[in-house]
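These protein sequences, in sequence, are chains F and P.
Going by the numbering used here, the first sequence opens with residue 1, and the numbers climb by one from there.
Going by the numbering used here, the second sequence opens with residue 1001, and the numbers climb by one from there.
Quick reminder that beta carbons are idealized off the backbone N, C-alpha and C, glycines included.
What follows is a set of notes on a single structure, which appears directly below.
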Amino acid sequence: MAQVLIPSQLTSYTGGATRVEAAGGTVAAVLDDLDRRFPGLKFRVIDERDCVRRHMRLFIGRSETRSIAAPLGDGDELLIFGALSGG
Amino acid sequence: MADRTRLLIGTRKGAWFLDSGSGREGWSPQGPLFLGQIINHLVSDPRDPEVLLAAASTGHLGPTVQRSVDGGKTWAEATRPPAFPSDDPHGRSVHHTFWLEPGHASEPGVWWAGASPQSLFRSADNGDTWDGVTGLNEHPKVLDWFPPMDGGTPDGPMIAGIVIDPRDARHMYLATPTAGVLETADQGETWAPLNENVRCDYLPDPYPEYGQDAHQIALAPTNPDRIWQQNHCGIYRLDRPAHRWDRIGDAMPRDVGDIGFSIVPHPRCEETAWVFPMDGTEVWPRVSPGGRPAVYRTRDGGASWERQDQGFPREQGWFTVKRQAMCGDGSDPMGLYLGTTSGEIWMSGDEGESWRQIAAHLPEIYSVAVVPQA
Chain F
1 MAQVLIPSQL TSYTGGATRV EAAGGTVAAV LDDLDRRFPG LKFRVIDERD CVRRHMRLFI
61 GRSETRSIAA PLGDGDELLI FGALSGG
Chain P
1001 MADRTRLLIG TRKGAWFLDS GSGREGWSPQ GPLFLGQIIN HLVSDPRDPE VLLAAASTGH
1061 LGPTVQRSVD GGKTWAEATR PPAFPSDDPH GRSVHHTFWL EPGHASEPGV WWAGASPQSL
1121 FRSADNGDTW DGVTGLNEHP KVLDWFPPMD GGTPDGPMIA GIVIDPRDAR HMYLATPTAG
1181 VLETADQGET WAPLNENVRC DYLPDPYPEY GQDAHQIALA PTNPDRIWQQ NHCGIYRLDR
1241 PAHRWDRIGD AMPRDVGDIG FSIVPHPRCE ETAWVFPMDG TEVWPRVSPG GRPAVYRTRD
1301 GGASWERQDQ GFPREQGWFT VKRQAMCGDG SDPMGLYLGT TSGEIWMSGD EGESWRQIAA
1361 HLPEIYSVAV VPQA
């Protein structure tokens, strides 16, 4: 299981939880698992082309990835952040 | 006159209801809904006023559609919001839904959505699931009509209006910023430009088949063969079955011009419509010309226009009213409503003769729609 950090922008989907566990060996699989439990969450992080949305940032541990094919090991941490400047 | 009225307000930072007491007096805001989310359009269904749809997105998150089936008391996200297929041949993904249109009266539950990049989607279940209209989204000329532009118009090129012929569910028009007006007679399977004599002063050919920037179109409710258009390059009128538009904005005062976003027809008089002019000179400030806001009304099909500014600031009023932010009700006398980018709502209860501010301090207003209340 991966540990997933949920940003404030998405806690409306997780019932307020900021940390959840999810199953999957890749970022995509983890997002799919999250979407099964929290419907709609995935589409707000990645688009229909499987691209990470412009102002979302994904980290596996301390390494950023823009690829949802990136592998996740058991116990890895997936951190999802919303990053936007301006008003 | 409707005893009470509700305005649906979409803003850059969420949505509000603005409810009147009896006689369209005593307005009070209710909200916010979806605080912090960009609400491009908030619309009720005339076939079932308990159904409301909101086009929502945020700076961070992807686009979605929020739905209510109890008049706005509770909301749920669409199960499958508008989106391109993952193998879209042009590599598109929906940035935001811009326009929501209830379907024809004969098709309960059907809704249409116009999105950015320019594309059209249809729902048959009151907005819960959406499918692309392939006749438009995969049209052989789609990249000519809707050139890929990073940004394009200030908020991105989008389908800027969807109009359905009340006599025929299959007959529809779209307003677009890069192909002008498009028409279908088979509910979206085939499309053709409808832009004859509409000027395009930013292209080498000023009267092309397509390329125009239609800001808003509206049918006269009592004569659906009459189409009003506020274009990037003037105010136009077309009486079908003709194909040639007349630039009725030529009758506007020269120092005001005929540039704007919105055009609102009268519910009972096909000769009457209102516009809210903006400054389209030099670098296109898109504010009230000269800092003196006013609507202009025609009562003769556009042959002449009269200024209506009573109640608005006499000077230093730099309003901008976006294309979805001006509307009228069906009452007699008709009420008119407009929302400004500076977060103010203004209304007229006497068909534009006089105006008063009924809300202020809201975020930048993107859309205003009116719902009569029982």
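Secondary-structure assignment with DSSP links residue 65 (chain F) through a beta bridge to F:58. Using a CB distance below 7 Å, the part of the region 68-85 of chain F facing chain P consists of 82 and 84, ordered along the chain. Under the three-pair Cβ rule at 8 Å, the region 63-74 of chain F does not count as touching the region 1060-1079 of chain P. Distances from the CA of residue 1320 (chain P) to each of P:1280, P:1206, P:1081 and P:1170 were compared; the closest alpha carbon is that of P:1280. Taking C-beta atoms under 8 Å as the contact rule, residue 1018 (chain P) and residue 1345 (chain P) qualify, at a distance of about 6 Å.
Fully enclosed beta strand (DSSP E) runs of no fewer than 3 residues occupy 1064-1068, 1096-1102, 1111-1116 and 1119-1123 of the region 1064-1132 of chain P, in order along the chain. With contacts defined by Cβ atoms closer than 8 Å, residue 1197 (chain P) and residue 1228 (chain P) do not form a contacting pair. The beta carbon of residue 1119 (chain P) sits no closer than 8 Å to any beta carbon of chain F. Ranking P:1167, P:1071 and P:1158 by CA distance to the CA of residue 1107 (chain P) puts P:1167 first.
Residues of chain P whose Cβ lies closer than 8 Å to the Cβ of residue 53 (chain F) are, in chain order, 1060, 1061 and 1062.
Using a CB distance below 8 Å, the part of the region 1079-1090 of chain P facing chain F consists of 1079, 1081, 1083, 1084, 1085, 1086 and 1088, ordered along the chain.
By the rule that beta-carbons nearer than 8 Å mark a contact, residue 1138 (chain P) does not touch chain F. Just so you know, the alpha carbons of residue 1007 (chain P) and residue 1369 (chain P) end up roughly 6 Å apart.
Comparing C-alpha distances from residue 1086 (chain P) to each of F:40, F:21 and F:51 shows the shortest one belongs to F:51. Residue-level contact by beta carbon fails for residue 1020 (chain P) and chain F, as no gap is shorter than 8 Å.
Taking a Cβ-Cβ threshold of 7 Å, the residues of chain F close to residue 1077 (chain P) are 40, in chain order.
When secondary structure is reduced to three states using DSSP, residue 1257 (chain P) falls in the coil class, being assigned neither helix nor strand. Under the 10 Å beta carbon count, residue 1183 (chain P) is surrounded by 16 or more other beta carbons and is classified as buried.
Every candidate alpha helix (DSSP H) stretch fails here, since none sits fully inside the region 1272-1299 of chain P while reaching 4 residues. Here DSSP, grouped into helix, strand and coil, assigns residue 1054 (chain P) to strand.
Only buried fits residue 1194 (chain P), as 16 or more other CB atoms lie within 10 angstroms of its CB.
Contact annotation for residue 9 (chain F) against chain P: 1058, 1060 and 1061 [CB-CB distance below 8 Å, chain order]. Excluding the 5 residues flanking it on each side, residue 1226 (chain P) has same chain C-beta neighbours closer than 6 Å at 1220, 1239 and 1270, in chain order.
No Cβ of chain P is located within less than 8 Å of the beta carbon of residue 32 (chain F). At a cut-off of 8 Å between beta-carbon atoms, residue 49 (chain F) makes contact with chain P. Along the region 1335-1361 of chain P, there is no position whose C-beta sits under 9 Å from a C-beta of chain F. Under DSSP, residue 1007 (chain P) forms a beta bridge with P:1018 and P:1370. Residue 1294 (chain P) and residue 1351 (chain P) have their C-alpha atoms some 13 Å from each other. Pairing residue 1148 (chain P) with residue 1096 (chain P) gives a Cβ-Cβ distance that is not under 8 Å.
Chain P places a beta carbon closer than 8 Å to that of residue 44 (chain F), counting this residue as a contact.
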